[in-house]
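Protein chains in written order, with our numbering: chain A, 1 to 263; chain B, 1001 to 1274.
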């Protein structure tokens, strides 16, 4: 169960997923706003240890929120610097963004690390509908997605490789993601990805095997849903700088279509 | 015998449906069209049987030709290729006025207003030639042209099997001898499939070798196929008010449709409280 990794083993999950330039990623996102109208409210969905949020908290004048289903992840986020526990909501998406964020409207909704892949298609559509209700008039959504050509290239030529991340001075995690052949569903672009963590210290070695179930959405699928909901889009990672900072993922920006003025 | 022949390198799948339509027909008539049609027609109540039938992306329209053999079914077909229509007429599609040559999704609205279809088929992964906007528009147009008890039957790819192929691709040549005595050796795919970063559209290289008595012709082209998942089509159909059933979960359907997935879409009935 992947859930177990987000809960019981949340600390290890956090260690192996903190390998990004969160600060730079956030800077790129915030720089898309006009100087006269900067981002003042920010929410990170599927936040986990909420490292983008923590970077946002370091800026002045941004009210920062986060949502994740794991209380263990929330504890890690608070320990790392997420200052206001009331604004880290432990709840399930797509519902929590409308049910538990009071009357706040967000200038920025971040859904990074291919987080939509945790939801089936109908729930992704519901989430976009819910986000639309919670966006400010200048609000934008930033969604990170898989590159389908890269995914297909991996299927054609799978390589199992272990990486090593230190946890403490005498504990290390070796992990392979995927650790074995990925199994696909006949009816959807859903992958069952075997993952293995080997946690080693001088005293013992623990192996944790679990399966990550990931819905691999294409940018076209999300753009199609967004269009139905009257969003317009840009693919930001067509810009080389974005591509480098987001490690070859695809980042979509969605904003509400501006209605023509009614005379 | 001179076997040097000529080589035609074709980068347009359209050309295969038009200039070389008969060869395409030769290699795609390897199904039990009669058995498949029987299964589809059997899903209708005997009190309320299928009386109007439309085949989309019909090609040589062999399902339609089977439907024409039944009494009391008004049969229509749509395809973009006039050459395919000629083949269909030769195969037994009786009423040329009811084989419409136009592009989908618009063409379905060219059927006369008073005709509503009990059955619309979109088999042989026909949706894969349309982009997502056009698939959605096609489903909308179909809903408009379905009768109250009408149903759509949509054939889809099995994503698991596609990924299995990608992880172990094998270029296999298949041989077919056509009615003119020509030996057609074809490989589909004939090389590495290419993908793009933003969608599930595959660029599939295909090769046909056509051996006639005195020459060998090589035709190479690229087939662009959008590999939609069943989940995605169910999602789009749900937005339009269809309900969906995966009927190839029934073994008698897999027997006739092989490795494909068949979706049945019907218009959601309003409940008294809805």
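Built from N, CA and C at the ideal position, the CB exists for glycine as well.
For residue 1119 of chain B, tell me which candidate among B:1113, B:1142 and B:1110 has the shortest Cα-Cα distance. B:1142
Check the Cβ-Cβ distances between residue 1254 of chain B and every residue of chain A, and say whether any is below 8 Å. no
Alpha carbon to alpha carbon, how far is residue 1100 of chain B from residue 1145 of chain B? Give it in angstroms, no decimals. 15 Å
Kindly say whether residue 1195 of chain B, judged by its beta-carbon, lies nearer than 8 Å to any beta-carbon of chain A. yes
Secondary structure of residue 20 of chain A, DSSP reduced to three states: coil
Listed from N- to C-terminal order along the chain, which residues in the segment 113-124 of chain A have their beta-carbon within a distance smaller than 8 Å of any beta-carbon of chain B? 120, 121 and 122
When you compare the segment 235-249 of chain A with the segment 1176-1184 of chain B, are there three or more beta-carbon pairs, one atom per stretch, that lie closer than 8 Å? no
DSSP-derived helix/strand/coil call for residue 139 of chain A: strand
Exposure of residue 1060 of chain B, with buried meaning 16 or more beta-carbon neighbours within 10 Å: buried
Could you tell me how far apart the beta carbons of residue 1252 of chain B and residue 1158 of chain B are, in whole angstroms, since I believe they sit closer than 8 Å? With a Cβ gap of about 17 Å, residue 1252 of chain B and residue 1158 of chain B do not count as contacting.
Determine, for residue 250 of chain A, whether the minimum Cβ-Cβ distance to residues of chain B falls below 8 Å. yes
Whose Cβ in chain B lies nearer than 7 Å to the Cβ of residue 147 of chain A? 1197
Return the chain-ordered ranges of every alpha helix (DSSP H) run that is complete within the segment 101-189 of chain A and spans a minimum of 4 residues. 121-134 and 148-156
Please name the residue in A:72, A:86, A:91 and A:189 whose C-alpha comes closest to that of residue 1161 of chain B. A:189
Tell me, to the nearest whole angstrom, how far the beta carbon of residue 52 of chain A is from that of residue 245 of chain A; I am working on the premise that it is less than 8 Å. Actually they do not touch by this definition, with Cβ atoms about 12 Å apart.
Report the neighbours of residue 1224 of chain B on chain A: residues whose CB is nearer than 8 Å to its CB, in chain order. Correct list: empty, because the minimum Cβ distance to chain A is about 14 Å.
Quick check: is any heavy atom of the ligand GDP less than 7 Å from the C-beta of residue 1240 of chain B? By its list of ligands, the structure shown contains no ligand whatsoever, and the ligand GDP lies outside what it can speak to.
Secondary structure at residue 1163 of chain B, three-state DSSP: helix, strand or coil? helix
How far does the alpha helix (DSSP H) with residue 1043 of chain B in it reach, from first residue to last? Neither: residue 1043 of chain B is in no alpha helix (DSSP H) and is coded neither H nor E.
Shorter than 8 Å from the beta carbon of residue 1246 of chain B to some beta carbon of chain A? yes
Please report how far the alpha carbon of residue 1276 of chain B lies from the alpha carbon of residue 1155 of chain B, in whole angstroms. It is not possible to answer for residue 1276 of chain B, since the shown part of chain B is limited to 1001 through 1274.
Could you check where the beta strand (DSSP E) with residue 1050 of chain B kicks off and where it finishes? It is not in any beta strand (DSSP E) - residue 1050 of chain B carries neither H nor E in the DSSP assignment.
Beta-carbon contacts of residue 136 of chain A that lie in its chain and below 8 Å, excluding the five residues immediately before and after: 41, 105, 106 and 107
Quick one, which residues of the segment 185-207 of chain A are near chain B if we go by CB-CB under 7 Å, in chain order? 185, 186, 187, 188 and 189
Is it buried or exposed, residue 1170 of chain B, if we count other Cβ atoms within 10 angstroms and call 16 or more buried? exposed
What three-state label does DSSP hand residue 1255 of chain B in the structure shown? helix
Closer than 8 Å, Cβ to any Cβ of chain B: which residues of the segment 156-182 of chain A, in chain order? 156, 158, 181 and 182
Expressed to the nearest angstrom, what Euclidean distance is found between the alpha-carbon atoms of residue 1028 of chain B and residue 1091 of chain B? 14 Å
Run through chain A and tell me which residues come within less than 9 Å of residue 1124 of chain B, C-beta to C-beta. The contacting residues do not exist; residue 1124 of chain B stays about 18 Å from chain A at best.
Could you list which residues in chain B have their beta carbon closer than 7 Å to that of residue 218 of chain A, in chain order? 1198, 1199 and 1200
At 8 Å on the CB atoms, spell out the chain B contacts of residue 221 of chain A, in chain order. 1132, 1199 and 1232
Could you work out which residues of chain A lie near residue 1159 of chain B, taking near to mean beta carbons separated by less than 9 Å? 184, 185, 186, 187, 188, 189 and 190
Sequence ranges, beta strand (DSSP E) only - wholly within the segment 25-110 of chain A, length at least 3: 41-44, 63-68 and 88-90
With a CB to CB cut of under 7 Å and the five nearest residues on each side skipped, what residues in its chain are close to residue 1179 of chain B? none
What residue range is occupied by the uninterrupted alpha helix (DSSP H) comprising residue 1143 of chain B? 1132-1145
For residue 213 of chain A and residue 121 of chain A, what's the separation of their Cα atoms in angstroms? 13 Å
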